[in-house]
Structures are given as structure tokens and as C-alpha cells.
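Residue numbers (numbering that gives the first Met the number 0), protein chains in the order written: chain A, 0 to 190; chain B, 0 to 190. The beta carbon of each residue, even a glycine, is placed where N, CA and C say it ideally should be. The structure displayed is predicted, hence computed values, not measured ones. In what follows, a single structure is set out as C-alpha cells and then discussed.
There are 2 protein chains.
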Amino acid sequence: MGRWMPDAAGRLSRAALELYEERGFEDTTVAEIAERAGLTKRTFFRHFPDKREVLFPLSARIHQAIVDAIAAAPADLPPLAVVMEGYDAAVDMVNKGHAQARRRRAVIVANPELQERQLTKFAATSAVVAEALCERGVAPRTAFLTAAAGAAAWRAARECWVDGAESQDLHALLRECVADLKAEVAALPTP
Amino acid sequence: MGRWMPDAAGRLSRAALELYEERGFEDTTVAEIAERAGLTKRTFFRHFPDKREVLFPLSARIHQAIVDAIAAAPADLPPLAVVMEGYDAAVDMVNKGHAQARRRRAVIVANPELQERQLTKFAATSAVVAEALCERGVAPRTAFLTAAAGAAAWRAARECWVDGAESQDLHALLRECVADLKAEVAALPTP
Numbered sequence: 000m001g002r003w004m005p006d007a008a009g010r011l012s013r014a015a016l017e018l019y020e021e022r023g024f025e026d027t028t029v030a031e032i033a034e035r036a037g038l039t040k041r042t043f044f045r046h047f048p049d050k051r052e053v054l055f056p057l058s059a060r061i062h063q064a065i066v067d068a069i070a071a072a073p074a075d076l077p078p079l080a081v082v083m084e085g086y087d088a089a090v091d092m093v094n095k096g097h098a099q100a101r102r103r104r105a106v107i108v109a110n111p112e113l114q115e116r117q118l119t120k121f122a123a124t125s126a127v128v129a130e131a132l133c134e135r136g137v138a139p140r141t142a143f144l145t146a147a148a149g150a151a152a153w154r155a156a157r158e159c160w161v162d163g164a165e166s167q168d169l170h171a172l173l174r175e176c177v178a179d180l181k182a183e184v185a186a187l188p189t190p
Numbered sequence: 000m001g002r003w004m005p006d007a008a009g010r011l012s013r014a015a016l017e018l019y020e021e022r023g024f025e026d027t028t029v030a031e032i033a034e035r036a037g038l039t040k041r042t043f044f045r046h047f048p049d050k051r052e053v054l055f056p057l058s059a060r061i062h063q064a065i066v067d068a069i070a071a072a073p074a075d076l077p078p079l080a081v082v083m084e085g086y087d088a089a090v091d092m093v094n095k096g097h098a099q100a101r102r103r104r105a106v107i108v109a110n111p112e113l114q115e116r117q118l119t120k121f122a123a124t125s126a127v128v129a130e131a132l133c134e135r136g137v138a139p140r141t142a143f144l145t146a147a148a149g150a151a152a153w154r155a156a157r158e159c160w161v162d163g164a165e166s167q168d169l170h171a172l173l174r175e176c177v178a179d180l181k182a183e184v185a186a187l188p189t190p
């Protein structure tokens with residue numbers, strides 16, 4: 000059953016979200032998620048290592064899109080501009096799923112384990128970004144700081160986007176947040 | 000036994016670190032940590048909710064020191080300068096424990112569960128900082144971005160400090176990282 004079903008990961012992720020909303024994350028099993036998706040437990044574990052991960056189905060593809068965009072950025076671009084090219088590439092993958100992102104956030108904020116996993120995802124994205132900068136010749140500490148600054152803008156923009164109407168443009172929000180960050184950092188007196 | 004023993008939390012934390020180094024985090028029980036510290040399991044759970052938390056014994060006091068410093072900062076200081084006053088207050092609590100910080104990091108990097116807990120600690124610190132900024136009248140999104148920028152500088156400085164010689168000054172490293180962050184953000188072209 001379901002072995003050749005297309006988009007197994009997407010079906011599992013949607014089924015999991017439904018069940019977490021209905022019964023709560025704690026009271027949902029992998030077997031139930033697989034059943035709801037019309038798939039087997041074995042198929043579940045081919046796609047996700049556990050029932051937390053199934054709420055972040057795009058993360059590997061998002062990481063890849065960011066790394067590809069950073070590698071493709073012009074050589075003379077300053078590091079933070081390179082990072083923002085990376086997150087801009089991620090925007091296009093996230094932009095479509097507003098309703099799902101909203102529902103997913105409601106499930107995540109209700110569960111500390113899921114919040115921890117989300118923080119781990121954000122940290123993994125930042126680590127990927129910092130590593131991609133190092134490969135462009137940026138010093139490790141600068142790469143860490145630049146990746147963290149970009150991640151801050153990304154997270155702030157994403158949060159506003161999830162909060163707001165579906166019609167909002169995540170690209171525009173990201174630019175706003177970067178401008179906001181720039182103003183705050185510039186306002187800091189030089190010691 | 001040990002009911003009136005002074006510094007129970009510190010003894011438990013040191014005993015846990017020793018055992019995690021000797022046997023690994025996974026293979027150490029709360030009962031063993033309590034025994035090594037000459038205390039009971041009940042005393043352990045009076046101080047820490049689980050065996051991950053025992054590696055972060057100062058976090059509540061660090062949060063308090065940061066919040067107090069932020070509340071005490073002059074009203075006309077720009078938000079990021081306020082955040083750095085907060086982290087400067089934390090430096091004095093961390094500065095003494097170089098050898099322990101180094102051993103603790105080695106245990107944490109070897110275990111994904113501990114890494115998750117550490118990320119949660121960093122996120123909690125940032126949330127506390129953002130909230131303290133909001134109480135000073137900073138808008139929530141700006142507070143989040145400013146707290147994240149300060150946290151980035153703090154984490155980068157702390158990492159350099161743990162990597163380096165004990166004689167290094169964490170205050171100076173923090174100033175260096177802030178300057179580095181400032182330069183990177185300023186280099187970003189305005190759209």
C-alpha cells in the first residue's frame with residue numbers, strides 16, 4: 000500500500016499536522032500519522048527520523064536553496080548581502096504555504112519539544128550559511144556573526160509574515176527587517 | 000545526608016560534569032550524580048528538573064543579571080547599547096569559570112540533546128533581553144532584532160573565549176565582536 004504514492008513526505012506532513020491539531024503532539028503516534036496518510040510506518044521512517052521532524056518537511060530543500068544561492072552570489076558582494084541572497088532564495092519556497100505555516104506555528108508554540116526542534120532547525124540553517132560564507136573566504140568569526148545577523152532578519156520577517164495577511168510579501172518584509180537591523184546596529188556608539 | 004550542605008547546585012553541577020566526561024551523558028543517571036555529590040536524588044530535583052539542565056547551573060542568575068542591567072541602563076541609550084550593558088553584566092559571572100566552560104563545551108558538542116538544550120538557553124536569554132527592551136518602550140520587532148544582534152556578538156565572543164587562553168578578557172572579546180558585527184552590517188548596501 001502506498002509504496003508508489005507520489006509526494007509521500009508532503010502527505011505525511013499534512014497528516015501529522017492534522018493529528019497534532021486534533022489530539023496534540025504528545026498523543027499522536029507515528030503509526031497513526033502513517034495510517035492517516037494512507038502509508039506505512041516504514042514509509043514514514045524512510046522520510047523522517049521521528050515525529051518532530053515531520054513538521055519541518057522543507058528544511059533540507061531550504062538549506063540547499065540557500066547554499067546554492069550563496070555559492071552563486073557575485074564574488075564582490077559583501078558577506079551580509081550574500082547571506083540575504085541566500086534567504087531570498089528560501090523566501091520563494093516558503094511564500095506559498097502561508098496557511099500551513101500558521102497552523103504549524105500554533106502546534107509548535109504549544110509544545111516545548113517542538114520549539115527545541117525548531118531552534119535546532121534555525122541553528123542548522125545558520126551553520127549552513129556560515130559554512131557557505133567560509134567557503135567564500137570569509138573568516139569563521141565574521142561568518143558566524145554575519146550568518147546570525149541574516150538569521151535574525153529572516154526570523155523576524157517570517158514571524159511578521161505568519162502573523163499577517165496571506166497577501167503580504169515576505170521579500171518586502173525581509174528587506175524591512177534588514178533595514179531595521181541596520182538602523183539599530185548603526186545607532187550603537189563606537190566605543 | 001547533605002541537607003544543609005552549602006552550594007548543593009554547584010556540587011551537583013560539578014559531579015555531573017565529571018560523570019558525563021567519564022561515562023558519557025547517556026550512561027549517567029541522576030542517582031549517580033547525586034551520589035557523587037554526596038547528596039540525594041531528591042536534592043537534585045529540588046535544584047534541577049533533569050540531567051540536561053544541571054550543565055547550565057548559572058543560567059537563571061545570568062538572566063537576572065542581564066535583566067537588571069538592562070532595566071538600570073540610562074533612558075537615552077540606543078537599544079543595542081542597552082543590550083550590550085546586559086551582556087557586559089553577564090561577563091562578570093562567566094569570566095571566572097574558564098576551565099569549567101571548556102570542559103562543559105566538550106560534553107555538549109558530543110551530544111545532540113545537550114546541544115538542543117543549549118540552543119534553548121540562548122533563545123531564552125534572547126527572549127528575556129527582547130522583553131526587557133519592550134518594557135523600555137522598544138517596538139517588539141526591533142526588540143527581537145536588537146536582542147538577536149546582541150546575542151550573536153555574545154555567542155561569538157564566548158566561543159572565542161572558550162577556545163582561547165584563560166587570560167583573555169571576555170569584555171574585550173565582546174567589544175571586538177560587536178565592532179565586527181557593526182562593520183558587516185554597515186557594509187550591506189542600502190536597497
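What is the DSSP secondary structure of B/Arg195, counted as helix, strand or coil?
The question about residue 195 of chain B has no answer, for chain B in this structure spans 0 to 190.
Looking at the unbroken alpha helix (DSSP H) that takes in B/Ser12, where does it start and where does it end?
Here the alpha helix (DSSP H) through B/Ser12 covers 7-22.
Where does A/Ser125 land, buried or exposed, given buried means 16+ other C-beta within 10 angstroms?
Per the 10 Å Cβ criterion, buried.
Could you pull out every residue in the same chain whose Cβ sits closer than 7 angstroms to the Cβ of A/Ala70, ignoring the five residues on either side in sequence?
Within the same chain, A/Ala70 has close Cβ partners Ala131.
At the level of alpha carbons, what is the spacing between B/Phe143 and A/Ala74?
Each residue's alpha carbon lies about 31 angstroms from the other.
Hey, would you say the C-beta of A/Asp91 is under 6 angstroms away from at least one heavy atom of the ligand SAH?
For the ligand SAH, the structure offers nothing, since it holds no ligand at all.
Where does B/Gly149 fall in DSSP's three states?
Three-state DSSP puts B/Gly149 in a helix.
Do you know whose CA, among A/Asp179, A/Ala185, A/Arg174, lies nearest A/Asp87's CA?
The shortest C-alpha separation from A/Asp87 is found at A/Arg174.
Give the interface partners of A/Cys176 over in chain B, defined as CB-CB distance under 8 angstroms, in chain order.
Correct list: Arg140, Leu144.
Residues in the same chain with beta-carbon distance under 6 angstroms from A/Pro101, minus the five sequence neighbours each way, listed in chain order, please.
Strictly speaking, residue 101 of chain A in this sequence is Arg, with Pro absent from that position. Closer than 6 angstroms at the Cβ level, and outside the excluded window around A/Arg101, lie Val161.
For A/Phe44, report the span of its alpha helix (DSSP H) as first-last.
Element bounds for A/Phe44: 40-46.
Can you check whether the C-beta of A/Asp162 is within less than 7 angstroms of a C-beta belonging to chain B?
Output row for A/Asp162: interface = no.
Check distances from the C-beta atoms of the segment 67-79 of chain B to those of chain A and list, in chain order, the residues that come in under 7 angstroms.
From the segment 67-79 of chain B, only Pro77, Pro78, Leu79 have a Cβ closer than 7 angstroms to chain A.
For the putative contact between A/Lys181 and B/Leu54, defined by C-beta atoms under 8 angstroms, what is the C-beta separation to the nearest angstrom?
Between B/Leu54 and A/Lys181 the Cβ distance is about 36 angstroms, and since that is not below 8 angstroms, they are no contact.
Please look up how many angstroms separate the CB atoms of B/Gly149 and B/Val82, rounded, as I've assumed it's under 8 angstroms.
Going by Cβ atoms, the distance from B/Gly149 to B/Val82 rounds to 3 angstroms, so yes, they are a contact pair.
With the cut-off set at 7 angstroms, would you say B/Leu113 and B/Arg51 are in Cβ contact?
Result yes, Cβ atoms of B/Leu113 and B/Arg51 sit closer than 7 angstroms.
Under a CB-based cut-off of 7 angstroms, is A/Glu115 close to chain B?
Closer than 7 angstroms: yes.
Give the straight-line distance between the Cα atoms of B/Ala109 and B/Glu158, rounded to the nearest whole angstrom.
Whole-angstrom Cα-Cα distance: 16 angstroms.
Residues of chain A with CB under 8 angstroms from B/Glu268, in chain order?
Because chain B here runs from 0 to 190, residue 268 of chain B falls outside it and cannot be looked at.
Which residues bound the alpha helix (DSSP H) around B/Ala105?
That run of the alpha helix (DSSP H) goes 97-108.
Looking at chain B, is there any beta carbon in it that lies within less than 7 angstroms of the beta carbon of A/Ala179?
Inspection of the sequence shows that residue 179 of chain A is occupied by Asp rather than by Ala. Yes, contact with chain B.
The segment 118-134 of chain A: which residues have C-beta closer than 7 angstroms to a C-beta of chain B, in chain order?
So the close ones are Leu118, Thr119, Ala122.
Helix, strand or coil for B/Thr119 per DSSP?
Residue state, collapsed to three classes: helix.
Keeping to the same chain, check which residues put their C-beta closer than 6 angstroms to that of A/Arg116; ignore five residues upstream and five downstream.
Around A/Arg116: Arg51.
In three-state terms, what does DSSP make of A/Ala186?
In this structure, A/Ala186 counts as helix in the three-state DSSP scheme.
Would you decide whether A/Thr145 is buried or exposed? Buried here means 16 or more other CB atoms lie within 10 Å of its CB.
Classification for A/Thr145: buried.
Looking at the unbroken alpha helix (DSSP H) that takes in A/Gln63, where does it start and where does it end?
Where A/Gln63 is concerned, the enclosing alpha helix (DSSP H) stretches over 58-71.
Since I believe A/His62 is in contact with A/Val127 (beta carbons under 8 angstroms), could you give me their beta-carbon distance rounded to a whole number of angstroms?
At roughly 5 angstroms, the Cβ-Cβ gap stays under 8 angstroms, so A/Val127 and A/His62 are in contact.
Closer than 7 angstroms by beta-carbon distance: list the chain B residues that pair up with A/Ala14, in chain order.
None at all; the shortest Cβ gap to chain B is about 25 angstroms.
A/Pro188 versus chain B: which residues are under 8 angstroms apart at the beta carbon?
The answer, in chain order, is Pro77, Ala80.
Can you confirm whether A/Ala171, when its beta carbon is compared against all beta carbons of chain B, has any partner nearer than 7 angstroms?
It does not; no Cβ of chain B falls within 7 angstroms.
Under the assumption that B/Val177 contacts B/Ala152 (Cβ atoms under 8 angstroms), give the Cβ distance between them as a whole number of angstroms.
Yes, B/Val177 and B/Ala152 are in contact; Cβ-Cβ is about 5 angstroms, under 8 angstroms.
Does the beta carbon of A/Ala88 sit closer than 7 angstroms to a beta carbon anywhere in chain B?
No, its Cβ sits nowhere closer than 7 angstroms to a Cβ of chain B.
Compare the C-beta of B/Ala59 against all C-beta atoms of chain A and say whether one is closer than 7 angstroms.
Closer than 7 angstroms: no.
Suppose you measure from the CA of B/Thr189 to the CA of A/Ala68; what does that come to, to the nearest Å?
Each residue's alpha carbon lies about 20 angstroms from the other.
Given that B/Ala151 touches chain A, what residues does it touch there, using C-beta distances under 8 angstroms?
Within 8 angstroms Cβ-Cβ: Phe143, Leu144, Ala147, Ala148, Ala151.
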